[in-house]
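J.: Before anything else, here's the structure in question.
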Amino acid sequence: MSAPVASQAAATTPETAKPLLSVRDLRKHFAIRGGILSRVVDKVHAVDGVSFDIKAGETLGVVGESGCGKSTTGRCILRLIEPSSGEVWFQGADVMKMDHNALQAMRRDMQIIFQDPYASLNPRLTIGAIIGEALIIHKLVKSRQEMEDRVVQLLETVGLRPDHMRRFPHEFSGGQRQRIGIARALAVEPKLLICDEPVSALDVSIQAQVINLLEDLQEQFGLTYLFIAHDLSVVEHISTRIAVMYLGRVVEIAPAAELYDTPIHPYSEALLSAVPIPDPTVKRKRIMLEGDVPNPIRPPSGCHFHTRCPIARPDCSQRSPVLEEKRPGHWAACHYRD
Amino acid sequence: MVEPLLDIRGLKTWFKTDDGMVRAVDGVDLHIDRGETLGVVGESGCGKTVTARSVLKLIDMPPGRFEAGQILWQGRDLIPLSMDEMDKIRAKEIAIIFQEPMTSLNPVYTVGDQIAEVIALHQKLSRKQAIAGAAEMLRLVNIPNPERRVHDYPHQFSGGMRQRVMIAMALSCQPKLLIADEPTTALDVTIQAQILELMQEMKERFGMAIMLITHAMGVVAETCQRVTVMYAGNVVEEASVEALFGDPRHPYTQGLIRSIPRVDRSAEKKQRLEAIAGTVPNLLEPPPGCRFAARCKFAMDVCTQGLPPLKEVGPGHYVRCVL
Ligand SMILES: Nc1ncnc2c1ncn2[C@@H]1O[C@H](COP(=O)(O)OP(=O)(O)OP(=O)(O)O)[C@@H](O)[C@H]1O
Ligand SMILES: Nc1ncnc2c1ncn2[C@@H]1O[C@H](COP(=O)(O)OP(=O)(O)OP(=O)(O)O)[C@@H](O)[C@H]1O
Ligand code: SF4
Ligand code: SF4
Ligand SMILES: [Mg+2]
Ligand SMILES: [Mg+2]
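Heads up: the sequence lines are chains R and E, in that order.
Our numbering puts the first sequence at residues 1 to 338.
Our numbering puts the second sequence at residues 1001 to 1323.
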């Protein structure tokens, strides 16, 4: 059942450049409790053997079904939740072995922007305090004046006004709150930014601003992104490479343009065909996935996708396909597609 | 002319804050006919959610207040109604799915209890039957293992599943109008496709109308008959979906359509998106004229002198612009 760690590890590492981040066979199982005694009755295999690399300066996009483990992967990398097993290497250091202090120091270089701009901002703090907090924790400013100047600069970087500093999160709309989250993450000048659905809550003209902003920041500061989103058009636009996840596993990794032009995995293909096209005159043939969304507590045997796969064959429920390099730099996990 | 199901006229919903009055919704006109799907799009913070919540009178007052306008539900103004009368409308006629599923689900009750509560408003059922009904609703929205998951709490579901729970709850009251505030924003596309199909199915089965608030212009293009575009508390354009995408007239709408990343146009790949420069005006002191003037590349002196009226530029196509 497990992913082909060794071979895949070697091959997902690009020839020369040492990756900024390496994830190896990462797993996270959540206990499900039930009954009057709250015993552990089951577990969810939220992340089930995920491996990938990210080079400095690139953007790895992550897409996949709701609940497939994208956010859990992002949070495990930062150890905001503890992985059940696996390895995470960041700038050559073993993240799993870090103590509290080392972890705090590492988090200056690796920041996260959350999916839910409503839950992630402390409602009792002003925007100035929310952004300023990180500057103080990491001792990046020496005086109150310096902090305010930096906060104003950050607000302007993300397209907000200086006077927003004294307001509270509930006074902002969803889009404005997401920009506050980006300003907070940028405050400590990180190297890697894990963006968990950073533009999902924004309308398109602001989305374009934020995407352009993230692209500019990447160019300006050499930032590296792990970009999680469900909007494939956005992921396609911003990513260097894209990983497609299904039920806790990576089923395909490829350069962005190649994935869109010639997907290998049937799930990627269905996903792409389901992207709504903003043109009422275009009517496309859609591959509607049949069947229930599989239960991550008891994922389908063999290939996790076999219950919904339009080209599944009998042995797909027996044998679990491994991620193989089907074309140079293009990996997919399917027995019957090359 | 047939009376619209919902007809919002000149609605102004303002909020009193320490800094002054925030004119969140400042003269909105929109209507929805029976059985149709109206898309409502617009800049973040332009007042879509406040408009939607105003319809159900889910605005905290104070700090909010209705400054002007009417909300005609089947011809009857909702604004003067008492809380009891509104509760009846909320329970049986208009349902809403919110933008933020986590804050609108109660974290201390199981999702089964929360759906059962809505079902119990309509039918006299035992608790056991209501929970079974809740499981049936969860199955309808494709939650795996529904008999078991009714006993779970909201935090045990992923973001996408929570939104499906919200939809199950809203559909439980078989409403005439479903107001869906960003219902698929947190979902990936295959589930989005299923949910939009599900909403379409419910719409046909119950003759339900939908007010769909969304940022996904692709979703609008594929599901709506008409579209209302809002900007800074005003409606700036209203058109059929074909006219809106084929012949957008307001400079804001034009910018909006050009800022969408398009998977289907590979030749344009890796081109920079066309973002509309600047930010929305401060709703504390909205500029006197066209509210888009500060960001508009066609702005002229006349634009800042007074708010341009909504004028008809084609059948059912209205634009608030002097051009
Ligand atoms: N604290 C938890 N306890 C139990 N199960 C959990 C917990 N957090 C997540 N899960 C489960 O783990 C799986 C993966 O969840 P995760 O939030 O990582 O998905 P996701 O890919 O980010 O989904 P979405 O696109 O909906 O945000 C889901 O089945 C979810 O129900
Ligand atoms: N309780 C409140 N107090 C003060 N201002 C408020 C309050 N609620 C909303 N607003 C303001 O009203 C305006 C409209 O907010 P609304 O939530 O309707 O925007 P929206 O169009 O739904 O935006 P989004 O697309 O980001 O969800 C915003 O500028 C917001 O800051
Ligand atoms: S291995 Fe079989 S079930 Fe899985 S994607 Fe390939 S064909 Fe479909
Ligand atoms: S009224 Fe003037 S400023 Fe407003 S959209 Fe039209 S041209 Fe632009
Ligand atoms: Mg997530
Ligand atoms: Mg809103």
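The beta-carbon is built from N, C-alpha and C at its ideal position, and this holds for glycine as well.
Got a sec: does ligand 6 put a non-hydrogen atom nearer than 7 Å to the Cβ of residue 1181 of chain E?
T.: On the second sequence, residue 1181 of chain E is found 181 positions in, with the first residue counted as 1. Checking every heavy atom of ligand 6 against the Cβ of residue 1181 of chain E, one is found closer than 7 Å.
J.: Figure out for me which residue from R:68, R:113 and R:262 has the closest Cα to the Cα of residue 187 of chain R.
T.: If you number the first sequence from 1, residue 187 of chain R lands on position 187. When only C-alpha atoms are compared, the closest one is R:113.
J.: Return the Cβ separation of residue 242 of chain R and residue 269 of chain R in integer angstroms, given the expectation that the two are a contact with Cβ distance under 8 Å.
T.: Within the first sequence, numbered from 1, the residue matching residue 242 of chain R stands at position 242. Within the first sequence, numbered from 1, the residue matching residue 269 of chain R stands at position 269. Actually they do not touch by this definition, with Cβ atoms about 13 Å apart.
J.: Quick one: list the residues of chain E neighbouring residue 286 of chain R, beta-carbon separation under 9 Å, in chain order.
T.: Numbered from its first residue, the first sequence carries residue 286 of chain R at position 286. Those within 9 Å of residue 286 of chain R in chain E are 1193.
J.: Residues of the segment 302 to 331 of chain R in Cβ contact with chain E at a cutoff of 7 Å, in chain order, please.
T.: Within the segment 302 to 331 of chain R, no residue places its CB atom closer than 7 Å to a CB of chain E.
J.: Quick one: residues with CB closer than 7 Å to any heavy atom of ligand 7, in chain order, please.
T.: Looking for ligand 7 in the displayed structure turns up nothing; the ligands present are ligand 1, ligand 2, ligand 3, ligand 4, ligand 5 and ligand 6.
J.: In its own chain, which residues sit with a C-beta less than 7 Å from the C-beta of residue 1243 of chain E, not counting the 5 before and 5 after it?
T.: Sequence index remark: in the second sequence, residue 1243 of chain E carries index 243 (1-based). Counting only Cβ-Cβ distances below 7 Å, and skipping sequence neighbours, we find 1314 and 1317.
J.: Looking at ligand 5, does it come within less than 7 Å of residue 273 of chain R, judged from the CB to the closest heavy atom?
T.: Counting from 1 along the first sequence, the entry for residue 273 of chain R is found at position 273. Checking the Cβ of residue 273 of chain R against ligand 5 gives no.
J.: Does any residue of chain E bring its CB to less than 8 Å from the CB of residue 220 of chain R?
T.: The residue labelled residue 220 of chain R in the question sits at position 220 within the first sequence. It does not; no Cβ of chain E falls within 8 Å.
J.: Are there 16 or more other CB atoms within 10 angstroms of the CB of residue 336 of chain R, so buried, or fewer, so exposed?
T.: The count along the first sequence starts at 1 and reaches residue 336 of chain R at position 336. Residue 336 of chain R comes out exposed.
J.: Does any residue of chain R bring its CB to less than 8 Å from the CB of residue 1061 of chain E?
T.: The count along the second sequence starts at 1 and reaches residue 1061 of chain E at position 61. Cβ-Cβ to chain R under 8 Å: no for residue 1061 of chain E.
J.: Counting only Cβ pairs nearer than 8 Å, list the residues of chain R close to residue 1145 of chain E.
T.: The count along the second sequence starts at 1 and reaches residue 1145 of chain E at position 145. Per Cβ cutoff of 8 Å: 295 and 297.
J.: Please decide whether residue 50 of chain R counts as near chain E, where near means a Cβ-Cβ distance under 8 Å.
T.: Mapped onto the first sequence, residue 50 of chain R falls at position 50. No, because no Cβ of chain E sits closer than 8 Å to the Cβ of residue 50 of chain R.
J.: Within 7 Å: the Cβ of residue 70 of chain R and any heavy atom of ligand 5?
T.: In the first sequence, residue 70 of chain R corresponds to position 70, counting from 1. Yes, ligand 5 has a heavy atom inside 7 Å of this Cβ.
J.: Could you tell me which uninterrupted beta strand (DSSP E) segments, each at least 3 residues in length, are contained entirely in the segment 1158 to 1212 of chain E, listed from first to last along the chain?
T.: 1177 to 1181
J.: If you follow the beta strand (DSSP E) that residue 1219 of chain E is part of, which residue opens it and which one closes it?
T.: Numbered from 1 along the second sequence, position 219 holds the residue referred to as residue 1219 of chain E. Taken as a continuous stretch (DSSP letters only), residue 1219 of chain E belongs to no beta strand (DSSP E), being part of the alpha helix (DSSP H) at 1217 to 1223.
J.: Could you please tell me which residues of the segment 73 to 101 of chain R, in chain order, have their CB closer than 8 Å to any CB of chain E?
T.: none
J.: Does the contact criterion of 3 or more C-beta pairs under 8 Å hold for the segment 83 to 102 of chain R versus the segment 262 to 279 of chain R?
T.: Three or more beta-carbon pairs separated by less than 8 Å are not found between the segment 83 to 102 of chain R and the segment 262 to 279 of chain R, which leaves the two stretches without contact.
J.: Among residues of its own chain, excluding the 5 on either side of residue 1267 of chain E, which ones have a beta-carbon nearer than 7 Å to its beta-carbon?
T.: Here residue 1267 of chain E refers to the residue found at position 267 of the second sequence. Residue placement at residue 1267 of chain E is flagged as unreliable, the pLDDT there being 47, under the threshold of 50; the coordinate-derived value follows with that caveat. Once the five neighbours on either side are set aside, residue 1267 of chain E has no close Cβ partner at all.
J.: Beta-carbon within less than 7 Å of residue 1254 of chain E's beta-carbon, same chain only, minus the 5 sequence neighbours each way: which residues are those?
T.: Within the second sequence, residue 1254 of chain E is the residue found at index 254, counting from 1. In the same chain as residue 1254 of chain E, and ignoring 5 residues on each side of it, the C-beta atoms closer than 7 Å to its own belong to 1248, in chain order.
J.: Does the segment 98 to 111 of chain R come into contact with the segment 147 to 163 of chain R, if we say contact requires no fewer than three beta-carbon pairs (one atom in each stretch) closer than 8 Å?
T.: no
J.: Could you work out which residue in R:252, R:98, R:77 and R:266 is closest to residue 23 of chain R when comparing CA atoms only?
T.: Along the first sequence, read from residue 1 onward, the residue named residue 23 of chain R stands at position 23. That would be R:77, whose Cα lies nearest to the Cα of residue 23 of chain R.
J.: Under 7 Å between beta-carbons, which chain E residues line up against residue 232 of chain R? List them in chain order, please.
T.: Position 232 of the first sequence, counted from the start, is the residue given in the question as residue 232 of chain R. Those are 1189 and 1263, listed as they occur along chain E.
J.: Chain R partners of residue 1185 of chain E, CB-CB under 7 Å?
T.: As a first step, residue 1185 of chain E must be located in the second sequence, where it is residue number 185. By Cβ distance, chain R contributes 200 and 201.
J.: Comparing the CB of residue 1156 of chain E with every heavy atom of ligand 1, is any distance shorter than 7 Å?
T.: For the purposes of this step, residue 1156 of chain E is taken as the residue at position 156 of the second sequence. At least one heavy atom of ligand 1 is nearer than 7 Å to the Cβ of residue 1156 of chain E, so yes.
J.: Anything in the segment 21 to 32 of chain R with a Cβ closer than 9 Å to a Cβ of chain E? List those residues in chain order, please.
T.: 30 and 32
J.: Closer than 7 Å between beta carbons: that is the criterion. Which residues of the segment 120 to 140 of chain R meet it against chain E?
T.: From the segment 120 to 140 of chain R, no residue has a Cβ closer than 7 Å to chain E.
J.: Could you spell out the range, first to last residue, of the beta strand (DSSP E) harbouring residue 307 of chain R?
T.: As a working mapping, residue 307 of chain R is identified with position 307 in the first sequence. Segment: none, residue 307 of chain R is in no beta strand (DSSP E) and carries neither H nor E.
J.: So which of R:55, R:145, R:334 and R:88 has the shortest CA-CA distance to residue 28 of chain R?
T.: As a working note, residue 28 of chain R is residue 28 in the first sequence. Cα-wise, what sits closest to residue 28 of chain R is R:88.
J.: Could you give the distance in angstroms between the alpha-carbon of residue 1195 of chain E and the alpha-carbon of residue 1184 of chain E?
T.: To locate residue 1195 of chain E, count along the second sequence from 1; it is residue 195. To locate residue 1184 of chain E, count along the second sequence from 1; it is residue 184. C-alpha separation (whole angstroms): 8 Å.
J.: In chain order, what residues of the same chain lie with their CB nearer than 8 Å to the CB of residue 328 of chain R, ignoring the 5 residues before and after it?
T.: If you number the first sequence from 1, residue 328 of chain R lands on position 328. Around residue 328 of chain R: no qualifying Cβ.
J.: The alpha helix (DSSP H) with residue 267 of chain R in it runs from where to where?
T.: Looking up residue 267 of chain R in the first sequence gives position 267. 266 to 273 is the extent of the alpha helix (DSSP H) around residue 267 of chain R.
J.: Is there at least one non-hydrogen atom of ligand 5 closer than 7 Å to the beta-carbon of residue 53 of chain R?
T.: Position 53 of the first sequence, counted from the first residue, corresponds to residue 53 of chain R. Checking the 7 Å criterion, the Cβ of residue 53 of chain R is out of range of every heavy atom belonging to ligand 5.
J.: Taking any Cβ of chain R, which residues in the segment 1019 to 1039 of chain E have a Cβ under 7 Å from it, in chain order?
T.: none
J.: With 16 as the cutoff for other CB atoms within 10 Å, does residue 1234 of chain E come out buried or exposed?
T.: Here residue 1234 of chain E corresponds to residue number 234 of the second sequence, with the count starting at 1. With 16 or more other Cβ atoms within 10 Å, it is buried.
J.: What residues in its chain sit with their C-beta under 6 Å from that of residue 1031 of chain E, if we drop five residues either side in the sequence?
T.: By one-based count along the second sequence, residue 1031 of chain E stands at place 31. Same-chain partners within the cutoff: 1004 and 1007.
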